[in-house]
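Beneath this line is the structure, given in structure tokens, with notes to follow.
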Amino acid sequence: MKGDLFSSEHMVRPATAPGMTVENAKCLRYTVDGEMTARQGAMVAFRGDLQFERKGQGVGGMLKRAVTGEGLPLMAVRGRGEAWFAHEAQNCFVVDVDPGDEFTVNGRNVLCFDATLSYRISTVKGAGITGGGLFNSVFTGHGRLGLVCEGSPLVIPVTPQSPVYVDTDAIVGWTAGLSTSLHRSQSLGSMLRGGSGEAVQLVLEGQGHVVVRPSEAPPHKAQQR
Numbered sequence: 003m004k005g006d007l008f009s010s011e012h013m014v015r016p017a018t019a020p021g022m023t024v025e026n027a028k029c030l031r032y033t034v035d036g037e038m039t040a041r042q043g044a045m046v047a048f049r050g051d052l053q054f055e056r057k058g059q060g061v062g063g064m065l066k067r068a069v070t071g072e073g074l075p076l077m078a079v080r081g082r083g084e085a086w087f088a089h090e091a092q093n094c095f096v097v098d099v100d101p102g103d104e105f106t107v108n109g110r111n112v113l114c115f116d117a118t119l120s121y122r123i124s125t126v127k128g129a130g131i132t133g134g135g136l137f138n139s140v141f142t143g144h145g146r147l148g149l150v151c152e153g154s155p156l157v158i159p160v161t162p163q164s165p166v167y168v169d170t171d172a173i174v175g176w177t178a179g180l181s182t183s184l185h186r187s188q189s190l191g192s193m194l195r196g197g198s199g200e201a202v203q204l205v206l207e208g209q210g211h212v213v214v215r216p217s218e219a220p221p222h223k224a225q226q227r
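Here it is, written out as structure tokens:
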């Protein structure tokens, strides 16, 4: 066969080592030799001897789903082979987590990760149990974490002298060393009179980086499926 479709731009590259790599802007490839973890429904293709098994979320995950209606359904991928992961053609990125690191990320942005990483469900300080989407997964350990983002993310440095205020629907994640709280930028009277619409922001203070997606719209499409 000939044509642009079969050019090197679209042809998958041979695997060079086990683990996670960026196949293209919209897809990650994982060369499995043992076990890895991925978002349920994110596998778009695979080859080799692989088994896919639904992974339990534990009490924390069930609590999050009950309270927020969200949740991060995961699956374990075991065996030897290659699998490709994507989600709604969103842009894909890889984060290297080293020992001592801690990366907090919104569950809707998680695509796949090494089995050597641990995660726990956490609530944003100051949000309370009714915080809606302000539940996050905190990753620690040593390994690679694959993320998706609508559009190209913004990575904003945070310093003790320059805290960053982020729309709660736009937050993707942040690094260790940052504390969080909620900031109300307008009064109830202002909102009733048709204020700016940016009533509450997440404040990040300390030393580190915050990752933001270039959209403040809630991701309703994924939840309606």
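Counting in this note's numbering, the sequence shown runs without a single skipped number right up to 227 at its last residue. Even for Gly, the Cβ is constructed at its ideal location relative to N, Cα and C.
#1: What's the gap between the Cα of Tyr-121 and the Cα of Pro-101?
#2: Just to confirm, are Thr-33 and Pro-20 a CB contact at a threshold of 8 Å?
#3: For Val-213, is the beta carbon positioned less than 7 Å from some heavy atom of the ligand PLP?
#4: Whether or not the region 113 to 120 and the region 159 to 175 are in contact is what I'm after, with contact meaning three or more pairs of Cβ atoms, one per stretch, closer than 8 Å; do they touch?
#5: Let me know if Met-13 comes out buried or exposed under the rule of 16 or more other beta-carbons within 10 Å of its beta-carbon.
#6: Counting C-beta neighbours from all protein chains within 10 Å, is the total for Ala-44 16 or more, i.e. buried, or is it exposed?
#7: Which of helix, strand or coil does DSSP assign to Arg-82?
#8: Given a cut-off of 8 Å on the beta-carbon distance, is the pair Glu-104 and Thr-161 in contact?
#9: Pull the bridge partners of Pro-162 from the DSSP assignment, please.
#10: Leaving out five residues before and five after Val-96 in sequence, what residues of the same chain have Cβ atoms less than 8 Å from its Cβ?
#11: Could you tell me if Thr-18 is buried or exposed, where buried requires 16 or more neighbouring beta carbons within 10 angstroms of its beta carbon?
#12: CA-CA distance, Arg-110 and Cys-151?
#13: Between Glu-84 and Phe-48, which are expected to be in contact by the criterion C-beta below 8 Å, what is the C-beta distance as a whole number of angstroms?
#14: Reducing DSSP to helix, strand and coil, say where Leu-7 ends up.
#15: Buried or exposed, going by whether 16 or more other CB atoms sit within 10 Å of the CB of Arg-56?
#16: Which class does Gly-109 belong to by DSSP, given the choice of helix, strand or coil?
#17: With His-89 as the anchor, note down where its beta strand (DSSP E) starts and where it stops.
Taking the definition as stated:
#1: Numbered from 1 along the sequence shown, position 119 holds the residue referred to as residue 121. Numbered from 1 along the sequence shown, position 99 holds the residue referred to as residue 101. Taking the straight line from one Cα to the other gives about 13 Å.
#2: Here residue 33 refers to the residue found at position 31 of the sequence shown. Here residue 20 refers to the residue found at position 18 of the sequence shown. Yes, the Cβ-Cβ distance between Thr-33 and Pro-20 is below 8 Å.
#3: In the structure shown, the ligand PLP is absent, as is every other ligand, since no ligand is present at all.
#4: No, they do not touch.
#5: Translated into positions along the sequence shown, residue 13 becomes position 11. With fewer than 16 other Cβ atoms within 10 Å, it is exposed.
#6: In the sequence shown, residue 44 corresponds to position 42, counting from 1. So Ala-44 counts as buried.
#7: The residue you call residue 82 lines up with position 80 of the sequence shown. Strand at Arg-82.
#8: Locating residue 104 in the sequence shown gives position 102, where the first residue counts as 1. Locating residue 161 in the sequence shown gives position 159, where the first residue counts as 1. Against a cut-off of 8 Å, the Cβ pair of Thr-161 and Glu-104 comes out as no contact.
#9: The count along the sequence shown starts at 1 and reaches residue 162 at position 160. Answer is none; Pro-162 lacks a bridge partner.
#10: Taking the sequence shown and counting its residues from 1, the one referred to as residue 96 is at position 94. Correct list, in chain order: Met-22, Thr-23, Val-24, Leu-30, Arg-146, Leu-147, Gly-148 and Leu-149.
#11: In the sequence shown, counting from the first residue as 1, residue 18 sits at position 16. Answer is exposed; the Cβ neighbour count stays below 16.
#12: Translated into positions along the sequence shown, residue 110 becomes position 108. Translated into positions along the sequence shown, residue 151 becomes position 149. Cα to Cα, Arg-110 sits roughly 9 Å from Cys-151.
#13: Along the sequence shown, one-based indexing puts residue 84 at 82. Along the sequence shown, one-based indexing puts residue 48 at 46. Sure, about 6 Å apart at Cβ, within 8 Å.
#14: Reading the sequence shown from its first residue, position 5 is the one you call residue 7. In this structure, Leu-7 counts as helix in the three-state DSSP scheme.
#15: As a position in the sequence shown, residue 56 is number 54, starting the count at 1. Burial call: exposed.
#16: Position 107 of the sequence shown, counting from 1, holds the residue named residue 109. Gly-109 falls in the helix class under three-state DSSP.
#17: On the sequence shown, residue 89 is found 87 positions in, with the first residue counted as 1. First-last for His-89: undefined, no H or E at that position.
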